[in-house]
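K.L.:
Residues in the sequence shown are numbered from 343 upward in steps of one, following our numbering. Here a beta-carbon is modelled for each residue, glycine too, at the ideal position from N, C-alpha and C. After the structure tokens below, expect a handful of questions from me.
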Amino acid sequence: MLKQFLSRLPRKAVKGDSGDRPESPRTSTPRSSSRTGPSGLSGGGTGTPRSNGNGGSSNNHNSNSNNISGQAQQRPSGPKRMSSAVFPASVVAGIEPLVPFKDVPGSEKMNLFVSKVSLCCVTFDFTDPTKNSIEKDVKRQTLLELVEFVSSASMKFSEPAILATCRMCAINLFRVFPPNYRSNSGGGENEDDEPTFDPAWPHLQIVYELLLKFVTSSCLDAKVAKKYIDHAFILRLLELFDSEDPRERDCLKTILHRIYGKFMVHRPFIRKSINNIFYKFLFETERHYGIAELLEIFGSIISGFALPLKEEHRIFLWRVLIPLHKPKNLGSYFQQLSYCVTQFIEKEPKLASVVIKGLLKYWPITSSQKEVMFLGELEEILEAVNMVEFQKVMVPLFCRIASCINSFHFQVSERALFFWNNDHIVNLIAHNRQVILPIILPALEKNANNHWNQAVLNLTLNVRKMFVEMDDQLFLSIHAQYMEEEAKQSSEAKKRKEAWERLENAASLQPVTGNTAVLVTPLATSIAC
343 MLKQFLSRLP RKAVKGDSGD RPESPRTSTP RSSSRTGPSG LSGGGTGTPR
393 SNGNGGSSNN HNSNSNNISG QAQQRPSGPK RMSSAVFPAS VVAGIEPLVP
443 FKDVPGSEKM NLFVSKVSLC CVTFDFTDPT KNSIEKDVKR QTLLELVEFV
493 SSASMKFSEP AILATCRMCA INLFRVFPPN YRSNSGGGEN EDDEPTFDPA
543 WPHLQIVYEL LLKFVTSSCL DAKVAKKYID HAFILRLLEL FDSEDPRERD
593 CLKTILHRIY GKFMVHRPFI RKSINNIFYK FLFETERHYG IAELLEIFGS
643 IISGFALPLK EEHRIFLWRV LIPLHKPKNL GSYFQQLSYC VTQFIEKEPK
693 LASVVIKGLL KYWPITSSQK EVMFLGELEE ILEAVNMVEF QKVMVPLFCR
743 IASCINSFHF QVSERALFFW NNDHIVNLIA HNRQVILPII LPALEKNANN
793 HWNQAVLNLT LNVRKMFVEM DDQLFLSIHA QYMEEEAKQS SEAKKRKEAW
843 ERLENAASLQ PVTGNTAVLV TPLATSIAC
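Below, the structure is given as structure tokens:
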């Protein structure tokens, strides 16, 4: 009896591994419901083989389906979170070329489209170019056929076709980047570093092109497609923005922008999800390769904001865009960030004072390169600011500019003096010269007397001359006050020096025995005070 019992164990194990039992709920689901939640998605996936017209047997279909789903699960970059419910494993009729679209009647083209899309769900290892080269070429040619078909489509995409396309894109694109995919310096910190390129890009590029053509096609019904291009799909797309390959990020930027434009119901979710990426970057990691692309998307979104701006958008400016000036790798996304900020000010000019206060709050202390960036952005903001907003911030603003004028880094000092080459800024300064000149003049005089760089010295003298031409009486008055203050400070410095000399002389006359401390006499203390 023991031998008989043991002889049965392998048969049960083989039966459990055959994959027949997991297939039964997928084939029975679509008959009960084809449009309700995840079960409806499963129905669309299993409805594909019945209409592909390939004539294959059901046993072959099941075995191929198990192989594809197994490949997707074994790949470390395959979709894991929620993908099994949204994009179930489909049935594919082998990786062999199918008939061209031109050889089938119009009524069968959509079924053939679904079959070709399902064929492209097979994934390969592209790290070894010699492996499965024939199958890879078949898949590539099929993808090119699909791109051409979608570009010239003249009939509405059916729901099974939409499901199959979204599922194929998910299997090919959605993946987790391994830890060694990143450089140790952090995402986008060193612009001179060469980016890492994905070896699978020749196929990924075609899949991205297909997804873009599909999303922008006039034959795609957004009301139907929103069930499959849903929140989970968008989140996985956003995760791909952390790719180190700039080509992939550029494709993702275009696709996400088109999704934002076509699916209005998803717009709040997309904005919120991008905000969460920014928050994680700011307050947790400061490592992300796609910040520039995400900001570029937001630049287009901001330009479409309706007036008056919602509180949500103002919070985004204050809590996201302004703090994004703080990270040390600001240079990798500064241009896009500056564009977003100026877009806000063009929409609502009274936000200029808020932005300037934020820049002064996060002003760099130890990075001259970032100071030059900040000064450039300040000039762009001041070009759009009105007199009322300018007067709110002119005192702290020009205190900072005066400090930059006196910088020993010639690029910082030079960039600050360039403000007087802008006619609009000069006009603002001229109308408020009684307040600004007393702040700036000491910095100009120090530069004129002490700065080492000849270009900075020449710019300083030019700015000084402009103030004289604005109001010579005011300049002479402020200059006289400055000279008087300088003489007073020089006299006080001389007195301090003499007091210290007397202290040193008094200390030198005191006897020193062993480790006994020298006590300063009350007279010397009073002199020092």
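Note the first and the last residue of the continuous alpha helix (DSSP H) segment covering T684.
P.N.:
Here residue 684 is taken as the residue at index 342 of the sequence shown, counted from 1. Counting along the chain, the alpha helix (DSSP H) containing T684 begins and ends at 676-689.
K.L.:
Can you name the start and end residues of the alpha helix (DSSP H) that P544 belongs to?
P.N.:
By 1-based counting over the sequence shown, the position of residue 544 is 202. Here the alpha helix (DSSP H) through P544 covers 543-558.
K.L.:
Report buried or exposed for T802, applying the criterion of at least 16 other Cβ atoms within 10 angstroms of its Cβ.
P.N.:
Taking the sequence shown and counting its residues from 1, the one referred to as residue 802 is at position 460. Classification of T802: buried, given that the 10 Å Cβ count is 16 or more.
K.L.:
Beta-carbon separation of P853 and I820 under 7 Å?
P.N.:
As a first step, residue 853 must be located in the sequence shown, where it is residue number 511. As a first step, residue 820 must be located in the sequence shown, where it is residue number 478. No, the pair does not count as a contact, with Cβ atoms beyond the cut-off.
K.L.:
Counting only beta-carbon separations shorter than 7 Å, does L779 have a partner in chain C?
P.N.:
Looking at the structure shown, chain C is missing, and only one protein chain is on hand.
K.L.:
Would you kindly work out how many angstroms separate the C-alpha atoms of H573 and H608, rounded to a whole number?
P.N.:
By one-based count along the sequence shown, residue 573 stands at place 231. By one-based count along the sequence shown, residue 608 stands at place 266. For H573 and H608, the distance between alpha carbons rounds to 8 Å.
K.L.:
Determine, using beta-carbon pairs with one atom in the segment 552-561 and one in the segment 583-592, whether at least three such pairs fall under 8 Å.
P.N.:
Output reads no: the segment 583-592 does not touch the segment 552-561.
K.L.:
Can you check the segment 695-731 for any alpha helix (DSSP H) of at least 4 residues that lies completely inside it and give the ranges in chain order?
P.N.:
710-726
K.L.:
Label Q815 either buried or exposed according to how many other C-beta atoms from any shown protein chain fall within 10 Å of its C-beta, with 16 as the threshold for buried.
P.N.:
In the sequence shown, counting from the first residue as 1, residue 815 sits at position 473. Q815 comes out exposed.
K.L.:
Candidates T596, P665, L486, M452: which alpha carbon is nearest L679's?
P.N.:
The count along the sequence shown starts at 1 and reaches residue 679 at position 337. Nearest of T596, P665, L486, M452 to L679, Cα basis: P665.
K.L.:
Tell me the residue span of the alpha helix (DSSP H) that contains I664.
P.N.:
Here residue 664 corresponds to residue number 322 of the sequence shown, with the count starting at 1. Segment: none, I664 is in no alpha helix (DSSP H) and carries neither H nor E.
K.L.:
For the alpha helix (DSSP H) holding M878, just list the boundary residues, first then last.
P.N.:
In the structure displayed, the chain extends from 343 to 871; residue 878 sits before or after that span and is not available.
K.L.:
Hey, how far is the Cα of S460 from the Cα of E477?
P.N.:
On the sequence shown, residue 460 is found 118 positions in, with the first residue counted as 1. On the sequence shown, residue 477 is found 135 positions in, with the first residue counted as 1. Whole-angstrom Cα-Cα distance: 14 Å.
K.L.:
How would you label V428, buried or exposed, when you count the other beta carbons within 10 angstroms and need 16 or more for buried?
P.N.:
Locating residue 428 in the sequence shown gives position 86, counting from the first residue. Legend: pLDDT at V428 = 33, less than 50; position of this residue unreliable, value from coordinates given subsequently. V428 is buried by the Cβ-count criterion.
K.L.:
Once you ignore the five residues that flank G641 on each side, which residues in its own chain have a CB closer than 7 Å to its CB?
P.N.:
Numbered from 1 along the sequence shown, position 299 holds the residue referred to as residue 641. Here the set comprises Q678, Y681, C682, Q685.
K.L.:
For I820, report the span of its alpha helix (DSSP H) as first-last.
P.N.:
Position 478 of the sequence shown, counting from 1, holds the residue named residue 820. Note, I820: alpha helix (DSSP H), 814-851.
K.L.:
Taking DSSP as the reference, what is the three-state secondary structure of I571?
P.N.:
Position 229 of the sequence shown holds residue 571. In this structure, I571 counts as coil in the three-state DSSP scheme.
K.L.:
Mapping DSSP to helix, strand and coil, what is R284?
P.N.:
The structure shown does not extend to residue 284, since the chain is modelled only from 343 to 871, so the question has no answer here.
K.L.:
Are the Cβ atoms of E653 and K595 separated by less than 7 Å?
P.N.:
Numbered from 1 along the sequence shown, position 311 holds the residue referred to as residue 653. Numbered from 1 along the sequence shown, position 253 holds the residue referred to as residue 595. No; because the gap between Cβ atoms is not below 7 Å, this pair is not in contact.
K.L.:
Is the separation between the beta-carbon of I633 and that of H599 shorter than 7 Å?
P.N.:
Here residue 633 refers to the residue found at position 291 of the sequence shown. Here residue 599 refers to the residue found at position 257 of the sequence shown. No, Cβ-Cβ distance for I633 and H599 is not below 7 Å.
K.L.:
Check whether the Cβ atoms of K744 and L717 sit closer than 7 Å, and answer yes or no.
P.N.:
Counting from 1 along the sequence shown, the entry for residue 744 is found at position 402. Counting from 1 along the sequence shown, the entry for residue 717 is found at position 375. Residue 744 is actually Ala in this sequence, not Lys. Taking 7 Å as the cut-off, the beta carbon of A744 is found no closer than this to the beta carbon of L717.
K.L.:
For the structure I just gave you, are there three or more beta carbon pairs, one from the segment 453-472 and one from the segment 497-514, closer than 8 Å?
P.N.:
Segments in contact, yes.
K.L.:
Pick out whichever of R775, K622, L553, V798 has its Cα sitting closest to the Cα of M812.
P.N.:
Position 470 of the sequence shown holds residue 812. That would be R775, whose Cα lies nearest to the Cα of M812.
K.L.:
What do you get for T708, buried or exposed, if any count of 16 or more other CB atoms within 10 angstroms of its CB means buried?
P.N.:
Taking the first residue of the sequence shown as 1, we reach residue 708 at position 366. T708 is exposed by the Cβ-count criterion.
K.L.:
As a quick exercise: from E828, R482, I644, F817, pick the residue whose alpha carbon is nearest that of Q547.
P.N.:
Translated into positions along the sequence shown, residue 547 becomes position 205. The candidate whose alpha carbon is nearest that of Q547 is R482.
K.L.:
Hey, would you say the C-beta of G603 is under 6 Å away from at least one heavy atom of the ligand HEM?
P.N.:
For the ligand HEM, the structure offers nothing, since it holds no ligand at all.
K.L.:
When the Cα of I643 is compared with those of K703, K689, A848, E626, which residue comes out closest?
P.N.:
As a first step, residue 643 must be located in the sequence shown, where it is residue number 301. Among K703, K689, A848, E626, the Cα nearest to that of I643 is on K689.
K.L.:
In its own chain, which residues sit with a C-beta less than 6 Å from the C-beta of A772, not counting the 5 before and 5 after it?
P.N.:
For the purposes of this step, residue 772 is taken as residue 430 along the sequence shown, with counting starting at 1. Counting only Cβ-Cβ distances below 6 Å, and skipping sequence neighbours, we find M812.
K.L.:
For R517, count neighbouring C-beta atoms within 10 Å of its own C-beta (all shown protein chains included) and say buried if the count is 16 or more, exposed if not.
P.N.:
Reading the sequence shown from its first residue, position 175 is the one you call residue 517. The residue in question, R517, is buried, as its Cβ has 16 or more Cβ neighbours within 10 Å.
K.L.:
What's the C-alpha gap between E731 and P691?
P.N.:
Here residue 731 refers to the residue found at position 389 when the sequence shown is read from its first residue. Here residue 691 refers to the residue found at position 349 when the sequence shown is read from its first residue. Rounded to whole angstroms, the separation of the alpha carbons of P691 and E731 is 8 Å.
K.L.:
Rounding to the nearest angstrom, what Cα-Cα distance links V480 and F539 in this structure?
P.N.:
On the sequence shown, residue 480 is found 138 positions in, with the first residue counted as 1. On the sequence shown, residue 539 is found 197 positions in, with the first residue counted as 1. Using only the alpha carbons, I get a separation of about 23 Å.
K.L.:
On the three-state DSSP scale, how would you describe S645?
P.N.:
On the sequence shown, position 303 is the one that residue 645 refers to. DSSP places S645 in helix when its eight states are reduced to three.
K.L.:
If I'm right that P669 touches L702 with Cβ under 8 Å, what's the distance once you round it to whole angstroms?
P.N.:
Position 327 of the sequence shown, counted from the start, is the residue given in the question as residue 669. Position 360 of the sequence shown, counted from the start, is the residue given in the question as residue 702. Contact doesn't hold; Cβ gap of about 17 Å is too wide.
K.L.:
Quick one, which of P544, F491, N748 has its alpha-carbon nearest S475's?
P.N.:
Mapped onto the sequence shown, residue 475 falls at position 133. Comparing Cα-Cα distances from S475 to each of P544, F491, N748, the minimum goes to P544.
K.L.:
Should S674 and V735 be called a contact, given that it needs their Cβ atoms to be closer than 7 Å?
P.N.:
To locate residue 674, count along the sequence shown from 1; it is residue 332. To locate residue 735, count along the sequence shown from 1; it is residue 393. No. Outside cutoff.
K.L.:
Only counting runs of 4 or more residues, tell me where the alpha helix (DSSP H) segments fall wholly within the segment 727-774, in order along the chain.
P.N.:
729-747, 752-759, 765-773
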